[in-house]
Amino acid sequence: MRISFVNQPWNYCPPIRGGSIAVWTYEVARRTAVRHHVSVYARGGLQPRDEWFEGVHYRRFSAEVDEFLQVWLRRAARHGLIRRPLFSLRSYYLGYMARVAYDLREERPDVVHLYNTPQFVSVVRALNPTARIVLNMRAEWLTQLERQVWKPHLERADVLMGCSEYISTGIRARFPEYTGRTVTVPNGVDVTQFAPTEQETVPRVLFVGRISPEKGLHVLIEAMRRVVQRVPEATLRIVGREEVAPAEFIVGISDDPLVADLARYYRGTSYLAGLKAQVAEAGLTRHVEFVGFVPPDRIAECYRAAAVLTNPSYSESFGRALIEAGAAAVPVVATRVGGMREVVAEGETGFLVPPGDVQGLAEALITLLQDRALQERMGRAGRQRVVDTYSWESVTDALLDAYGGS
């Protein structure tokens, strides 16, 4: 079988700046290439335009013209000339996708795997009428805009794939006519790379992810103020760069008032600067460390040095850091939102708290930090759950089943 993965126009692959979609593509592509002919399309500029690597054929295209157009479209939107989110427009990164679609016509794949943007399905279908097109949704966009915005494009897709049952269930509810073509294939993790090692655990809380308002780090810092009152030696390590999701991606289209209220963080100073000011004001400078980006080959050590991993997000389709923590036998505290409710076995592998609940988050963290035996018990259960469900090998097998091959 000939399979082509098409990354989002801003994703480098293999990933050089992180990004969950680029990581997922890289990991499943190189495993799929053991049995099939695999090509990957991604952003160009920092990597060779044409390259074979680990058995995968990489093709890369520039998106600079599209990004120049995005600047003007954003200006038009600010003046009220465009009233829909830019990511829903037919012109959204059309240049990048047209170049990819023409190249796919020469590649003649059996399967084309796309991410998040339904209008890309129509572009690919126009030039590749016989390909089996998979639209992999790793965001809630299909359920957050009107049906008629997406339906003309979804009609041209063969498979609608959610990264969690939360996403897939939403698709089935909004588009019941596509229930039969909607499947779930989750994120994965290298259970060997993240395997735990024997080392002394200090009361360190870990966050891994983008620094962006919807991730709820302002809530976590306020919770840490309460944590250190009960566990004075506790620290928080924040791993990840400031990479604020455009307001229209999440905040601007959510019907959740807690998420909509995050719009206040898009005005004035940067979110990261605001967090650092919050840390200083709370007297937590000795307790909170902003690490920045950590390369994938070093990230496992961050987990092994933690007592607990937390994700206080207001919106999360899956929560990849949760399974990385599980693979490292680190218990988790997450919010009861989105796909995280599936990943965390509450009371067994960690705790779930309501989003925005400072006191609830603090209490859950304190409970784990003060109970070493509970940490170990939940950590062991979490690793077993991840090994059984979220290894890259099992994810790749599920993906090939969804394609209709093996």
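Per the working numbering, residue -10 is the first one in the sequence shown, and the count goes up by one each step.
Positions of the beta carbon are idealized from the N, C-alpha and C atoms, including for glycine.
What residues match up with residue i in a beta bridge as DSSP calls it?
i	result
His46	Ser28, Trp41
His102	Phe(-6), Val123
Arg193	Thr224
Thr173	Gly151
Gly339	Val321, Glu335
Thr299	Val322
Val178	Ser380
Glu95	Per DSSP, none; premise fails for Glu95.
How many angstroms separate the CA atom of residue i from the CA atom of residue j?
i	j	result
Ser306	Gln218	33 angstroms
Arg366	Val194	17 angstroms
Ile227	Leu149	34 angstroms
Pro4	Ala11	6 angstroms
Arg145	Gly345	39 angstroms
Glu23	Gly44	The sequence shown places Val at residue 23, not Glu. Whole-angstrom Cα-Cα distance: 7 angstroms.
Arg88	Gly34	15 angstroms
Gln182	Ala289	7 angstroms
Trp(-1)	Ser153	23 angstroms
Ile71	Ala65	6 angstroms
Leu350	Phe238	26 angstroms
Val375	Ala362	20 angstroms
Leu357	Ala296	8 angstroms
Arg94	Val100	12 angstroms
Phe279	Gly229	8 angstroms
Arg170	Leu103	15 angstroms
Glu16	Gly368	24 angstroms
Val342	Phe196	16 angstroms
Going by C-alpha to C-alpha distance, which of the options sits closest to residue i?
i	options	result
Arg49	Tyr91, Pro246, Val197	Tyr91
Pro118	Gly198, Trp130, Leu62, Pro98	Pro98
Gly205	Val233, Thr224, Pro192, Val216	Val233
Pro107	Val101, Ser77, Val333, Asp179	Ser77
Gly7	Asp286, Val123, Met86	Asp286
Tyr85	Arg73, Ala31, Arg114	Ala31
Ala223	Arg214, Gly229, Val113	Arg214
Glu56	Ser80, Trp41, His68	Ser80
Ala318	Thr324, Leu298, Met329	Leu298
Thr132	Arg20, Leu75, Ile242	Ile242
Asp377	Glu335, Cys2, Ile312	Ile312
Val220	Leu354, Ala387, Gly159, Val240	Leu354
Ala370	Ala316, Thr21, Leu124, Ser9	Ala316
At which residues does the beta strand (DSSP E) containing residue i begin and terminate?
i	result
Ile5	Looking at the DSSP string, Ile5 is not in any beta strand (DSSP E), and its letter there is neither H nor E.
Ile227	224 to 228
Can you tell me where the alpha helix (DSSP H) with residue i in it begins and where it stops?
i	result
Thr378	361 to 378
Thr356	347 to 358
Phe57	53 to 67
Phe477	The structure shown does not extend to residue 477, since the chain is modelled only from -10 through 395, so no value can be given for it.
Pro246	246 to 249
Ile210	206 to 219
Thr132	130 to 133
Trp139	136 to 143
Phe109	108 to 116
What whole-angstrom Cβ distance do residue i and residue j have, given they're in contact under 8 angstroms?
i	j	result
Gly339	Val322	6 angstroms
Thr190	Gln364	7 angstroms
Glu120	Val110	The amino acid at residue 120 is misidentified as Glu; the sequence shows Ala. Between Val110 and Ala120 the Cβ distance is about 10 angstroms, and since that is not below 8 angstroms, they are no contact.
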